[in-house]
Amino acid sequence: MNDAKFRWWHPFYILLQITWGLPQTLLGLVLFLINIKQPHEYFGGSIMTRWKSFSGISLGLFTFTSDPKRSNPGFFGKSFTGSEKENDFTLCDRMAVHEYGHTFQSIMLGPLYLIVIGIPSTVWGTTPYFRNLRERKHLTYGACYTESWADALGTAVTGRNAIG
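For the sequence shown, my numbering gives the first residue as 1, with consecutive numbering after it.
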């Protein structure tokens, strides 16, 4: 992410994540330490881990997204984004923008983030009921308020497209 013009904001972003967003940042730190051997990069003030999982998660200062070099080619496909035209590299980049959007929800909601965003997002993304609902009704992942809001925030801040 080329964010040189916003670099002045990063110390405030980090301070807010480690104070107001402390509960989720502590959980993110635990997940970061579990995945310490995975590739990491600095992404707009956050610490982004590219892990082998085919999913993403954002916990305060830490984001975790799929690594297109190590994930299953063609994994995302139609059921994830509603489009078969994008390659996994593009989708992983869009996932990073989406997860980065969740970090701004963390800043806005502070200790309420896990209740207002974390739990509904996890249920929407991982339970068979909602996976089947998305497929049956042809809904994108961004049909849930937590995800469309993260997409909008990530896109607004980075100027790049998110997954929704």
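All C-beta atoms in this analysis are idealised placements derived from N, C-alpha and C, irrespective of residue type, glycine included.
Q. For Ile117, which three-state DSSP category applies?
A. Your numbering for residue 117 matches position 117 in the sequence shown. DSSP places Ile117 in the helix class (H, G or I) of the three-state scheme.
Q: Would you mind working out which of Gly101, Gln17 and Arg7 sits nearest Pro111, comparing C-alpha positions?
A: One-based indexing of the sequence shown puts residue 111 at position 111. Nearest Cα to Pro111 within the set Gly101, Gln17 and Arg7: Gln17.
Q: Tell me whether the beta-carbon of Gly159 lies closer than 7 angstroms to the beta-carbon of Gly142.
A: Start at 1 with the first residue of the sequence shown, and residue 159 comes out as number 159. Start at 1 with the first residue of the sequence shown, and residue 142 comes out as number 142. Taking C-beta atoms as the reference points, Gly159 and Gly142 fail to come closer than 7 angstroms.
Q. Going by beta carbon distance, what residues of the same chain come within less than 6 angstroms of Leu59, once the five residues before and after it are set aside?
A. Residue mapping note: residue 59 aligns to position 59 of the sequence shown, counting from 1. Same-chain partners within the cutoff: Gln24, Leu27 and Gly28.
Q | Phe89 burial status per 10 Å Cβ neighbour count (16 or more: buried) | A | Locating residue 89 in the sequence shown gives position 89, where the first residue counts as 1. Phe89 should be labelled exposed.
Q. So is Trp9 buried or exposed if we call it buried at 16+ other beta carbons inside 10 Å?
A. Taking the sequence shown and counting its residues from 1, one reaches residue 9 at position 9. Residue environment analysis places Trp9 among the exposed positions, since fewer than 16 neighbouring C-beta atoms fall within 10 angstroms of its C-beta.
**Q.** Sequence ranges, beta strand (DSSP E) only - wholly within the segment 40-66, length at least 3
**A.** Complete beta strand (DSSP E) runs here, min 3: 40-43, 46-51, 57-59 and 62-66.
**Q.** Three-way DSSP call (helix, strand, coil) for His98 in this model
**A.** Taking the first residue of the sequence shown as 1, we reach residue 98 at position 98. Of the three classes helix, strand and coil, the one that applies to His98 here is helix, per DSSP.
Q. Do you know offhand how far Ile47's Cα is from Leu31's?
A. Taking the first residue of the sequence shown as 1, we reach residue 47 at position 47. Taking the first residue of the sequence shown as 1, we reach residue 31 at position 31. Taking the straight line joining both Cα atoms gives about 12 angstroms.
**Q.** Helix, strand or coil at Arg131 according to DSSP, with G and I counted as helix
**A.** Here residue 131 refers to the residue found at position 131 when the sequence shown is read from its first residue. Helix.
**Q.** Extent of the continuous alpha helix (DSSP H) run through Gln38
**A.** For the purposes of this step, residue 38 is identified with residue 38 of the sequence shown, where counting begins at 1. No alpha helix (DSSP H) contains Gln38, which DSSP labels as neither H nor E.
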